[in-house]
Amino acid sequence: MSGQNHDEPAGADGDVRSPRDGVDPEVLEFAQMLFQLARDGETERLAAYVDAGVSPDLTNERGDALLMLAAYNGHPDTVRALLQRGAEVDRANDRGQTPLAGAVFKGYGEVVRALFEAGADPYGGTPTAVDTARMFEKDAFLELFGV
Numbered sequence: 001m002s003g004q005n006h007d008e009p010a011g012a013d014g015d016v017r018s019p020r021d022g023v024d025p026e027v028l029e030f031a032q033m034l035f036q037l038a039r040d041g042e043t044e045r046l047a048a049y050v051d052a053g054v055s056p057d058l059t060n061e062r063g064d065a066l067l068m069l070a071a072y073n074g075h076p077d078t079v080r081a082l083l084q085r086g087a088e089v090d091r092a093n094d095r096g097q098t099p100l101a102g103a104v105f106k107g108y109g110e111v112v113r114a115l116f117e118a119g120a121d122p123y124g125g126t127p128t129a130v131d132t133a134r135m136f137e138k139d140a141f142l143e144l145f146g147v
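Taking the UniProt record's numbering, the leading residue of the sequence shown gets 1, the next gets one more, and so forth.
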């Protein structure tokens, strides 16, 4: 995350990962709505769509999955709901960032705990959650990770 804009994960405002040529605009609009639900922590609405068949690992054009967007924006209930529905806990975006590292960077303790308790690897991704915690002196997270 060093040397990058830390306000948003890669693609926080990006579009669906697919060529735009030939993709139904309504499908793109629907996907954008799902990404926004994740960013906004609209847990019940997002969970209903996932329960109806939307992939919990849906990603935008920069590789940010719904879980990354929920984690980076500090929504522990949404994170838990996505994990309960099969979201890949360590799924990195196209920059190698994981939801755990993003939550550590932002200082969202409840999100960090939810991801870690679900099996997130604090040494996965680039930079790792451990490296991020060290860089930003988030000692409570290092303690949680057993470092």
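The C-beta atom is built at its ideal place from N, Cα and C for all residues, glycine as well.
Buried or exposed (CB count within 10 angstroms, at least 16 for buried), residue i
i    : result
G102 : buried
F30  : exposed
A48  : exposed
E44  : exposed
P56  : buried
A129 : buried
P122 : buried
S2   : Confidence at S2 is low in this model, with a pLDDT of 43, below 50, so its placement is unreliable and the value that follows should be read with caution. Flag for S2 reads exposed.
Whole-number beta carbon distance between residue j and residue i, since they are thought to touch under 8 Å
i    : j    : result
F105 : T132 : 5 Å
D139 : A120 : 19 Å between Cβ atoms; not a contact.
G124 : T98  : 5 Å
V111 : V79  : 5 Å
L69  : A87  : At roughly 11 Å, the Cβ-Cβ gap does not stay under 8 Å, so L69 and A87 are not in contact.
Run of the alpha helix (DSSP H) containing residue i, from where it starts to where it stops
i    : result
Y49  : 43-51
Q32  : 25-40
F116 : 109-117
L58  : Where L58 is concerned, there is no enclosing alpha helix (DSSP H), given that its DSSP letter is neither H nor E.
F105 : 99-106
V130 : 129-135
Y72  : 66-72
R80  : 76-84
D139 : 139-145
Length of the line joining the Cα atoms of residue i and residue j
i           : j    : result
R39         : P76  : 11 Å
residue 149 : M33  : Because residue 149 is not part of the residues shown, which for the chain are 1 to 147, the question remains open.
F35         : L142 : 30 Å
G96         : Y72  : 14 Å
L58         : D51  : 13 Å
F136        : Y108 : 13 Å
N93         : A65  : 7 Å
P25         : L100 : 32 Å
G41         : G74  : 8 Å
F145        : R134 : 12 Å
Below-8 Å beta-carbon distance, residue i vs any chain B residue
i    : result
E117 : Note that chain B does not occur in the displayed structure, where there is just one protein chain.
Requested in this report: Could you tell me whether the stretch 77-90 touches the stretch 107-117, using the rule of 3 or more Cβ pairs below 8 Å?
Outcome: Below 8 Å, enough C-beta pairs join the stretch 77-90 and the stretch 107-117 to call them touching: three or more.
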